[in-house]
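Colleague: Counting in UniProt numbering, the sequence shown runs from 1 upward without gaps.
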Amino acid sequence: MYQKILLPVDLNEEASWQKALPTAITLCETFGASLHIVTVLPEFKMPMVGAYFPKNFSQKAHEAIKEAQHAFIKEHVPEDIKVQSVIVDGSPWEAIIKVGKKLDTDLIVMASHTKRKFVDYVLGPNAEHVVHHAKVSVMIVR
Numbered sequence: 001m002y003q004k005i006l007l008p009v010d011l012n013e014e015a016s017w018q019k020a021l022p023t024a025i026t027l028c029e030t031f032g033a034s035l036h037i038v039t040v041l042p043e044f045k046m047p048m049v050g051a052y053f054p055k056n057f058s059q060k061a062h063e064a065i066k067e068a069q070h071a072f073i074k075e076h077v078p079e080d081i082k083v084q085s086v087i088v089d090g091s092p093w094e095a096i097i098k099v100g101k102k103l104d105t106d107l108i109v110m111a112s113h114t115k116r117k118f119v120d121y122v123l124g125p126n127a128e129h130v131v132h133h134a135k136v137s138v139m140i141v142r
């Protein structure tokens, strides 16, 4: 049923993957699907934002996230699952949808919230936007 599953992961927020990752892994094992783990970095290249960061900050951030994401995959994803590490810049929900479209994924699995704010208890702002704007199925794990 599914061939490519996208899982957004915030490596600094365990709640972003703690329940969603086991679900995504089970779906991958069940359908023989590949797993595409995406981490979204804020856009540092905008002139107004970039002026506050040291030169090459974006490049160093990407390198650090790449290493952290590979360690995460090694620790949490079984070796028999085909997995791809993806790192993108921008707004989380827009980047998730863009990556899903680019990779031609057929399912997005994500956590419902990060428990940071009261509003996030309902669904979570990024999850809500992904659900409303994605052209593929979205599974929200609570």
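Even for Gly, the Cβ is constructed at its ideal location relative to N, Cα and C.
Kindly indicate the opening and closing residues of the alpha helix (DSSP H) around alanine 71.
Modeller: Residues 57-76.
Colleague: Taking the alpha-carbon positions, what's the glutamate 29 to histidine 76 distance?
Modeller: So the two alpha carbons sit approximately 14 Å from each other.
Colleague: In terms of alpha-carbon separation, which member of Asn126, Val9, Ile97 lies closest to valine 136?
Modeller: Checked all of Asn126, Val9, Ile97; the closest Cα to valine 136 is Ile97.
Colleague: Quick one: does aspartate 10 have its CB under 8 Å from some CB of chain D?
Modeller: This model lacks chain D altogether, as it is built from one protein chain only.
Colleague: Please say whether leucine 35 and valine 86 have beta carbons closer to each other than 8 Å?
Modeller: No; because the gap between Cβ atoms is not below 8 Å, this pair is not in contact.
Colleague: May I have the straight-line CA-CA distance separating phenylalanine 127 from isoleucine 108, to the nearest angstrom?
Modeller: First, the amino acid is wrong: residue 127 is alanine here, not phenylalanine. Computed Cα separation, rounded: 10 Å.
Colleague: Could you name the residues of the same chain whose beta carbon sits closer than 8 Å to that of histidine 70, not counting the 5 residues immediately before and after it, in chain order?
Modeller: Around histidine 70: Ser85.
Colleague: Note down, in chain order, each residue of its chain lying with its Cβ closer than 6 Å to the Cβ of glutamine 59, except the 5 sequence neighbours on either side.
Modeller: Same-chain partners within the cutoff: there are none.
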